[in-house]
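Student: The structure follows.
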Amino acid sequence: MAAAPALQTPPPDAGQGPSFEEMGLQPALLAGLGDLSISRPTAVQRITIPALRRGKSALCAAETGSGKTLAYLLPLLDGLLSRLVVLPSRELALQVGAVAAALCRPAGLHVRGVTGGGAAGGLRRQMRAPPPGPAVLLGTPGALQEALRRRFLALERLRWMVLDEADTLMDDSFVGTLEEILAHAPLFTDVGQFVTLATQSLHRLPPHVQQKFVRIKSRDKLPELLQLLKDHPASSGAIMIFCKSASTVNWLGYILDDHKIKHLRLQGQMLAAARANIFASFQKGDVSVLVCTDLASRGLDTSSVQLVVNYDFPDTLQDYLHRVGRVGRVGSKTPGVVVSFVTHRWDVDLVRKIETTELIVKTKETTQPTEGKKKIKSHVKGKKSGSNSNSQILMTHL
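Right, dumping it as structure tokens:
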């Protein structure tokens, strides 16, 4: 799989601050960056890489599409120790794995994915595939949990764990599984010692993305969508249409079929391998319209997307920000447009919240307790402070 397109073009702010060479990264990693045509670090990489190389555990928050993947992969690989990266979806694990493999290749390091999916015995094959002892293990929570229960995997030598999209991994659907994984790892988990790393644009609505809210009745959403698709030819960029449920994705797909509109569908009830193939096809530009659930809203690279349509309005501001983050990303050639269908009274309430949002988090490094740390602490049980002074945890979100 090729490296994520968004990593191939330096962002506008990349000329500021120290270079990768000045950060002291190993020559083999610099060579890997050269192979990916990456020359300068982004803002989040400039504040995160030095802190992690100094041995800090961190909670890293930055806007979508800002380069968080390399912000943790580069210091992770620079240490050449046993590392585990936990990601919420198989699609995101495959994407991060492609970038990690490209960086590891010049150094002779190996990456392995533990993502489950496929026929029975697939997990055993993933764990037993050569080479033995990979430097980096990428896994989804369910697959890692199953591998630990079956004793295909041991984490006694683990020295660094990354929780990518930590806000998702810490919610109720994942946290029990995550606690079980952490119980197998000899990691230092005193969150009072975490540094908080954040960029200035965190949670700020992207100023370069045009946002339109259309107050509309439910029965009028479909004709409005069809008109949008008619007015937006495939040559002007890819389109993502977000729905709340798998059933709506399927229903809307049948309607688009009737109107001879070529599209792809992506939702969580599909087999993992099928989902991976669908998103890869969309990324390559084989089809320019993707009808999807929020499965596609987090972390996945979508630098070709020019239009996002919220056919079903999201439930929370955070969900809205993740959807908006599919346009105007690093490497995008156009700023992008987001069109949201506002149907219910509670949708209007969220629109007001979105329109008044102006939360600015300044770039900082602090060891003061935060609300987010308190929540994380309640989810990490059975660990003693300082249980492994040589281990690190990095959590990223947004």
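The numbers in numbering that gives the first Met the number 0 rise by one with no breaks, and the one at position 12 of the sequence shown is 11. Beta carbons are placed, not taken as given, at the ideal position from N, Cα and C, and that holds for glycine.
Specify, as a first and last residue, the run of the beta strand (DSSP E) that F340 falls within.
Tutor: The sequence position of residue 340 within the sequence shown is 341, counting from 1. Segment 336-341, the beta strand (DSSP E) holding F340.
Student: Distance, Cα to Cα, L24 vs V208?
Tutor: In the sequence shown, residue 24 corresponds to position 25, counting from 1. In the sequence shown, residue 208 corresponds to position 209, counting from 1. Distance between the alpha carbons of L24 and V208 is about 34 Å.
Student: May I have the straight-line CA-CA distance separating S18 from G112, to the nearest angstrom?
Tutor: Translated into positions along the sequence shown, residue 18 becomes position 19. Translated into positions along the sequence shown, residue 112 becomes position 113. Roughly 30 Å separates the two Cα atoms.
Student: In terms of alpha-carbon separation, which member of D163, V326, G252, S339 lies closest to E90?
Tutor: Here residue 90 refers to the residue found at position 91 when the sequence shown is read from its first residue. Looking at the Cα atoms, D163 is the closest of the given residues.
Student: Given a threshold of 16 other Cβ atoms within 10 Å of its Cβ, counted over all protein chains shown, does R158 qualify as buried or as exposed?
Tutor: The count along the sequence shown starts at 1 and reaches residue 158 at position 159. Classification for R158: buried.
Student: Would you give the residue range spanned by the alpha helix (DSSP H) that A165 belongs to?
Tutor: For this step, residue 165 is matched to residue 166 along the sequence shown. Where A165 is concerned, the enclosing alpha helix (DSSP H) stretches over 165-168.
Student: How big is the Cα-Cα spacing for Q266 and D293?
Tutor: One-based indexing of the sequence shown puts residue 266 at position 267. One-based indexing of the sequence shown puts residue 293 at position 294. Straight-line Cα distance between these residues: approximately 8 Å.
Student: With three or more C-beta pairs closer than 8 Å as the rule, is the stretch 307-318 touching the stretch 221-238?
Tutor: Result yes; three or more Cβ-Cβ pairs closer than 8 Å.
Student: How many angstroms separate the CA atom of G335 from the CA atom of T176?
Tutor: Working through the sequence shown from its first residue, we reach residue 335 at position 336. Working through the sequence shown from its first residue, we reach residue 176 at position 177. Spanning the two alpha carbons is a distance of roughly 37 Å.
Student: If you follow the beta strand (DSSP E) that V161 is part of, which residue opens it and which one closes it?
Tutor: Numbered from its first residue, the sequence shown carries residue 161 at position 162. Here the beta strand (DSSP E) through V161 covers 159-162.
Student: Distance check for D170 and F281, CA to CA, integer angstroms please.
Tutor: What you label residue 281 is simply residue 282 of the sequence shown in a count that begins at 1. What you label residue 170 is simply residue 171 of the sequence shown in a count that begins at 1. Each residue's Cα considered, the two are about 28 Å apart.
Student: Would you kindly work out how many angstroms separate the C-alpha atoms of V174 and M160, rounded to a whole number?
Tutor: By one-based count along the sequence shown, residue 174 stands at place 175. By one-based count along the sequence shown, residue 160 stands at place 161. Answer to the nearest angstrom: the Cα atoms are 15 Å apart.
Student: Note down, in chain order, each residue of its chain lying with its Cβ closer than 8 Å to the Cβ of S101, except the 5 sequence neighbours on either side.
Tutor: In the sequence shown, residue 101 corresponds to position 102, counting from 1. The amino acid occupying residue 101 in the given sequence is Ala; Ser does not appear at that position. Excluding positions up to five away in sequence, the list reads A2, G31, D34, L35.
Student: Bridge partners of R264, per DSSP?
Tutor: Stepping through the sequence shown from its first residue, residue 264 is reached at position 265. Looking at the DSSP assignment, R264 forms a beta bridge with V290.
Student: Starting from K283 and walking both ways along the alpha helix (DSSP H), at which residues does that stretch end?
Tutor: Residue 283 sits at position 284 when you count from the first residue of the sequence shown. First-last of the alpha helix (DSSP H) with K283: 271-283.
Student: Inspect the beta-carbon positions of L69 and Q44 and report whether they are closer than 8 Å.
Tutor: Taking the first residue of the sequence shown as 1, we reach residue 69 at position 70. Taking the first residue of the sequence shown as 1, we reach residue 44 at position 45. Yes, the pair counts as a contact, with Cβ atoms nearer than the cut-off.
Student: My parser needs the alpha helix (DSSP H) runs of 4 or more residues fully inside the stretch 213-268; what are they?
Tutor: Taking only runs of at least 4 residues, the alpha helix (DSSP H) segments lying wholly in the stretch 213-268 are 220-230, 245-257.
Student: Using DSSP bridges, identify the partner residues of V477.
Tutor: Outside the displayed range of the chain (0 to 397) lies residue 477, so it cannot be described from this structure.
Student: So, helix, strand or coil for A57, using DSSP?
Tutor: Translated into the one-based positions of the sequence shown, residue 57 becomes position 58. Of the three classes helix, strand and coil, the one that applies to A57 here is strand, per DSSP.
Student: What number of angstroms, rounded off, separates the C-alpha of V288 from the C-alpha of W250?
Tutor: To locate residue 288, count along the sequence shown from 1; it is residue 289. To locate residue 250, count along the sequence shown from 1; it is residue 251. Going by the C-alpha atoms only, they are around 15 Å apart.
Student: DSSP on L93, reduced to helix/strand/coil?
Tutor: Against the sequence shown, residue 93 aligns to sequence position 94. Correct three-state label for L93: helix.
Student: What are the residues that DSSP puts in a beta bridge with L306?
Tutor: As a working note, residue 306 is residue 307 in the sequence shown. Looking at the DSSP assignment, L306 forms a beta bridge with I238, V336.
Student: Using only CA atoms, which one of K352, G54, F340, Y71 lies nearest to E399?
Tutor: An answer regarding residue 399 cannot be provided, because it is not within the stretch 0 to 397 covered by the chain.
Student: Could you tell me if T365 is buried or exposed, where buried requires 16 or more neighbouring beta carbons within 10 angstroms of its beta carbon?
Tutor: Here residue 365 is taken as the residue at index 366 of the sequence shown, counted from 1. Reliability fails at T365, whose pLDDT of 39 lies under 50, so the model's placement of it is uncertain and the value that follows must be treated cautiously. So T365 counts as exposed.
Student: Let me know the secondary structure DSSP gives L35 once reduced to three states.
Tutor: For the purposes of this step, residue 35 is taken as the residue at position 36 of the sequence shown. DSSP places L35 in coil when its eight states are reduced to three.
Student: Report the rounded CA-to-CA distance for C242 versus G107, giving the unit in angstroms.
Tutor: The residue you call residue 242 lines up with position 243 of the sequence shown. The residue you call residue 107 lines up with position 108 of the sequence shown. Spanning the two alpha carbons is a distance of roughly 43 Å.
Student: Taking the alpha carbon of G236 as the point to measure from, which residue in Q210, D318, G284 has its own alpha carbon closest?
Tutor: Numbered from 1 along the sequence shown, position 237 holds the residue referred to as residue 236. Closest option to G236, Cα to Cα, is G284.
Student: The alpha helix (DSSP H) that contains P74, what's its start and end?
Tutor: As a working mapping, residue 74 is identified with position 75 in the sequence shown. Residues 67-77.
Student: Under the three-state reduction of DSSP, which class applies to L83: helix, strand or coil?
Tutor: Within the sequence shown, numbered from 1, the residue matching residue 83 stands at position 84. Strand, per DSSP.
Student: Is G115 near G141, with beta carbons less than 8 Å apart?
Tutor: Numbered from its first residue, the sequence shown carries residue 115 at position 116. Numbered from its first residue, the sequence shown carries residue 141 at position 142. For G115 and G141, yes; Cβs fall inside 8 Å.
Student: For L122, I'd like the list of residues in its chain whose CB is within less than 8 Å of its CB, leaving aside the five on either flank, ordered along the chain.
Tutor: Against the sequence shown, residue 122 aligns to sequence position 123. The answer, listed in chain order, is V113, G115, A142, E145, A146, R149, F151.
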